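First comes the structure, then the notes that go with it.
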Amino acid sequence: MKKLLIGNEAVAWGLYNGGIGLVSSYPGTPSTEITEFLAKHDDIHSEWAPNEKVAMEAAFGASLAGMRSVCAMKHVGLNVAADPLFTLSYTGVTGGMVVCVADDPAMHSSQNEQDSRHYAIAAKVPMLEPSDSAEAYAFARSAFELSEKYDTPVLLRMCTRIAHSQCVVDIGEREEVPLKEYVKQPSKYIMMPGYAKQRHPIVEERTEKLKALAEDCMYNKVELADNREIGIITSGCSYLYVKEVFGDDVSVLKIGMPNPLPEKMIRDFAAQVKKLYVIEELDPVIENHVKALGIAVTGKSLFSAIGEFSQKTIREAFLKEGYPVKDIPEAQGDAPAVPGRPPMMCSGCPHRGMYYTLVKNHITVLGDIGCYTLGAVAPLNALDSTLCMGASISGIHGFNAARGKETEKKTVAVIGDSTFMHSGMTGLVNIAYNATNSTVIILDNSITGMTGHQQNPTTGYNIKGDPAAKVNLEALCKALGINRVRVVDPYDLKACEEAVLEELAVEEPSVIISRRPCVLLKYVKPKTPLQVDMDKCRGCKKCMKMGCPSISFKEGKARIDKTLCVGCGVCEQLCAFGAIGGKNE
Amino acid sequence: MRTMSVMIVGVGGQGSLLASRLLGTLLTDEGYDVKVSEVHGMSQRGGSVVTYVRFGEKVYSPIVTEGECDYIISFEKLEAARYAGCLRKGGKIIVNTQEIDPMPVITGAAEYPAGVLEELKAKGFDIDDFDALTPAVEAGSSKAVNIVLMGHFAKCTEIPKEKWLAALEKVINPKFLEMNKTAFERGYGA
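Residue numbers (this note's numbering), protein chains in the order written: chain C, 1 to 585; chain H, 1 to 190.
Shown next as structure tokens:
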């Protein structure tokens, strides 16, 4: 069956046909669709976990029980799951285990650029890296066998450009893999020092075996051309850009297994070309390996360690090297300078009312990861920091511990419902246990919004949309040791302000749950769009201060775009002249 | 044949991903090697969005860079100007004349550039601008702007209309198929 597939769907098909039995993940762009596509199959177990560490450990449990298992995450998710990964390298697997990790060069939707290849090297586990959807399918499909044969979890590295670009993939049939027998093996699966010491040499031996595999496998390949003036070692999407520019005119060593790297293959290739280049996005991982072999090579001195590459990157670099590059496209002309169009919180976004309240009262806000991070941009400029999942709550504790009374009455942490489940809870325990007078606002929009509406343990539904246990946030926060917990509707500005000022004033830690479902959820029906009464509007621009995309300012008056407005009514509460309403014409 | 490149650009939420899926499906059915590339996540929330569609005998790169694009299909005027530098000499820009203010314009930090399409035309760009919003609303939904534009673009290709309609049936939810077919026809006739 031939289909046009994004890389993530191709991975999902490869894993499905490769005999997967369980997938557990936390959503993270650009990895999310791998799990979403797998969840469509009812003959395997699929789930959203509260975070990546839990997901990887669930996959470990399934593997221990003899089932082929997977977890998928974005690069920063692998930081969260790094703890089990490093020890899983020692225990190895029973059922094959694959960890899909998607990097995001250029940070289309991430807080840093991070090269996950370092984790494969540091944890001493094999990593595969496809260049397009067809390879994503083939590599994923073969990964379970690789995992079982070498007794190791396998990392499958994607990046935004591979995960979200489509090409035609030929999908085969599913291989039914029976559960392997469960046998108690304490010295393999209990990693206390005595047993772990016995496992480390096994890991080193495995790396030697994998190095031998790297010399002769489907993942790495040499494409020798008549032209031996230059040779290029490359991988992932950089391979595509190299082929786009040079076609079959130059010699290429394509690396599909970035860890461990082949030694002999690289030496042989280098010996056959006059000048050797490494072209790889992000860090000089292959380049450093080649240099360590004592081979002269040009890499990051010519290609940046920042951002995504393209065919243009390759063309410009080789022109600079004085190499004749053919078929350079001729542009019609330059694009004129136009205003930027940054992403923003949607019309009617429930976070806006709470942010408006915080900004109005000049409150310092430690932020977190999610749609609500968009409150950081103009005109709200509501946030003071955003580090990683859960850091708002852990951070406010340290912030207030450092400055005490000076900050605790005018500083809050904000965190989403899904992020609170991911890694906010432990931070809140710390606030209660180590006692700072901190105020935490849970922006509960009843969904994981940022990644495109995945369920989480607070929504009452599982990955299939079936009813599931629902965490009661009020009861949870109390159980974690917070006595003051209250709920407000962020569309009600008066209630928001009362809640924030009261909780900041009290002499004990508190939680405000700002609860209103995301406006993009299907069950949330928009209300009648509001309108501006032009006679009453004085052009004071107060309504413009909260950055609603529905409101613009033309000819000295505010205007509301009927096609965008969902009638949330927050601007109506702001207008001192009663100019905004639902019934005015 | 050389590899051909199309860019579909607009504002997050306007339906450019569906338009690219339609074009990708059609070109695959036509027997081309096809690569489609898009970006999801935070960048979709009301931000500037670009999707690349490339086709030919053998396509390597999924992305389109300066001077490589044969057709830019823009869902909004400002976005046409933003990506115009990608247009190949002799290429064409199809643009919906709708204006959507970006946040810097809303906050007053910038102005929506007046006469931006005229400026491009004066520079020698081949611009085919028309109102795609009205026919979309007439067809049944302002959300059908994407299919109106694809209908208009269909005339620029040598692929018969029936093939386009067949691809439409593959990618559109049956509930909305008739409305989208009407939108396509309106665009084709515009």
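Just so it is clear, CB atoms sit at the ideal spot from N, CA and C, and this is done for glycine as well. All of these numbers come straight from a predicted model, not from anything done at the bench.
So with Cβ pairs under 7 Å, would you call residue 585/C a contact of chain H?
Low confidence applies to residue 585/C: its pLDDT is 41, below 50, so where it sits in the model is not reliable, and the reading given next is rough at best. With respect to chain H, the C-beta atom of residue 585/C has no partner C-beta closer than 7 Å.
In chain C, which residues lie less than 7 Å from residue 101/H when you measure between Cβ atoms?
Result: 552.
Tell me whether the beta-carbon of residue 22/H lies closer than 7 Å to the beta-carbon of residue 171/H.
Residue 22/H is a Cβ neighbour of residue 171/H, given a cutoff of 7 Å.
Hey, does residue 320/C have any beta-carbon neighbour from chain H nearer than 7 Å?
At least 7 Å separates the CB of residue 320/C from every CB of chain H.
Closest Cβ-Cβ distance between residue 168/C and chain H: below 7 Å?
Residue contact check for residue 168/C against chain H: a CB pair falls below 7 Å.
Which residue comes first and which comes last in the beta strand (DSSP E) that contains residue 45/C?
Note, residue 45/C: beta strand (DSSP E), 45-48.
What is the rounded straight-line gap between the Cα of residue 304/C and the Cα of residue 160/H?
Residue 304/C and residue 160/H have their C-alpha atoms roughly 45 Å apart.
Counting only C-beta atoms, is residue 312/C closer than 7 Å to chain H at any point?
True, the Cβ-Cβ gap to chain H drops below 7 Å.
What does residue 60/H reach in chain C if we use C-beta pairs closer than 7 Å?
Listed along chain C are 240, 243 and 244, each with a C-beta nearer than 7 Å to that of residue 60/H.
Taking only three categories from DSSP, how would you classify residue 98/C?
Strand, per DSSP.
How is residue 585/C classed by DSSP in three states: helix, strand or coil?
Residue placement at residue 585/C is poorly supported in this model, since its pLDDT is 41, which falls under 50; the coordinates still yield a value, given next. Assignment of residue 585/C by DSSP, reduced to helix, strand and coil, places it in the coil class.
Alpha-carbon to alpha-carbon, residue 9/C and residue 16/H
If I take the Cα positions, the gap works out to 19 Å.
For residue 165/C and chain H, any beta-carbon pair shorter than 7 Å?
At least one CB atom of chain H sits nearer than 7 Å to the CB of residue 165/C.
DSSP on residue 237/C, reduced to helix/strand/coil?
The answer is helix: DSSP assigns residue 237/C an H, G or I state.
Got a sec: is the Cβ-Cβ distance from residue 158/C to anything in chain H below 7 Å?
Put simply, the CB of residue 158/C is far from chain H, with every gap to its CB atoms at 7 Å or more.
Could you give the distance in angstroms between the alpha-carbon of residue 328/C and the alpha-carbon of residue 182/C?
As the crow flies, the alpha-carbon of residue 328/C is around 60 Å from that of residue 182/C.
Is residue 229/C buried or exposed, if buried means 16 or more other CB atoms sit within 10 Å of its CB?
By the neighbour-count rule (16 or more Cβ atoms within 10 Å), residue 229/C is not buried but exposed.
So, under 8 Å CB-CB, residue 347/C and residue 187/C are touching, yes? Tell me the CB distance rounded to an integer number of Å.
About 60 Å separates the CB atoms of residue 347/C and residue 187/C; that is not less than 8 Å, and the two are not in contact.
If residue 52/C and residue 67/C are in contact, beta carbons under 8 Å, what's the gap, nearest whole angstrom?
Not really, about 19 Å apart at Cβ, beyond 8 Å.
Among the residues of its own chain, which have a CB less than 7 Å from the CB of residue 490/C, if the five just before and after it don't count?
Within its own chain, the residues whose Cβ lies closer than 7 Å to the Cβ of residue 490/C, once the five positions on either side in sequence are excluded, are 350, 351, 353, 354, 496, 514 and 516, listed in chain order.
With 7 Å as the limit, tell me which residues of the segment 126-152 of chain H have their beta carbon closer than that to any beta carbon of chain C; keep them in chain order.
Of all residues in the segment 126-152 of chain H, 142 have a Cβ within less than 7 Å of some Cβ in chain C.
Runs of beta strand (DSSP E) wholly within the segment 383-425 of chain C (minimum 3 residues, chain order)
Uninterrupted beta strand (DSSP E) stretches at least 3 residues long and entirely within the segment 383-425 of chain C occur at 411-416, given in chain order.
Evaluate residue 435/C with the Cβ neighbour count: other Cβ atoms within 10 Å of its Cβ, from every protein chain shown; 16 or more gives buried, anything less gives exposed.
Result: exposed.
Should residue 29/C go down as buried or exposed, given a rule of 16 or more other Cβ atoms within 10 Å for buried?
By the neighbour-count criterion, in which a residue is buried when 16 or more other Cβ atoms sit within 10 angstroms of its Cβ, residue 29/C is buried.
Could you check how far apart the C-beta atoms of residue 587/C and residue 260/C are, in whole angstroms? I think they sit under 8 Å.
Residue 587/C is absent from the model: chain C starts at 1 and stops at 585.
For residue 197/H, the first and last residue of its enclosing beta strand (DSSP E)
Not covered by the structure: residue 197/H. The range shown for chain H is 1 to 190.
For the segment 392-410 of chain C against the segment 444-456 of chain C, do three or more pairs of beta-carbon atoms, one drawn from each stretch, fall closer than 8 Å, so that the two count as touching?
No contact exists between the segment 392-410 of chain C and the segment 444-456 of chain C.
List the DSSP bridge partners of residue 156/C.
DSSP output for residue 156/C lists 100/C and 128/C as bridge partner(s).
Any idea what DSSP makes of residue 1/H, helix, strand or coil?
Correct three-state label for residue 1/H: coil.
Looking only at C-alpha atoms, which of 456/C, 510/C and 471/C sits nearest to residue 465/C?
Per the Cα distances, 456/C.
For residue 27/C, return the contacting residues in chain H, with the cut-off set at a CB-CB distance below 9 Å.
Here the premise fails: no neighbours, minimum Cβ distance about 10 Å.
On a CA-only basis, which of 171/C, 537/C, 472/C and 108/C is nearest residue 425/C? Give me that one, please.
Sorting 171/C, 537/C, 472/C and 108/C by C-alpha distance to the C-alpha of residue 425/C places 472/C at the top.
Could you name each continuous beta strand (DSSP E) segment of 3 residues or more that falls completely within the segment 165-233 of chain C, going from the start of the chain to the end?
Qualifying beta strand (DSSP E) stretches, in chain order: 165-170 and 221-223.
CB contact flag (residue 55/C, residue 24/C, <7 Å):
In this structure, residue 24/C lies closer than 7 Å to residue 55/C by Cβ.
Please look up how many angstroms separate the CB atoms of residue 509/C and residue 437/C, rounded, as I've assumed it's under 8 Å.
Their Cβ separation, rounded to whole angstroms, is 6 Å, which keeps residue 509/C and residue 437/C in contact under 8 Å.
Would the segment 288-299 of chain C count as touching the segment 155-172 of chain C if we require 3 or more Cβ pairs under 8 Å?
Touching, no, given that fewer than three Cβ pairs across the two stretches are closer than 8 Å.
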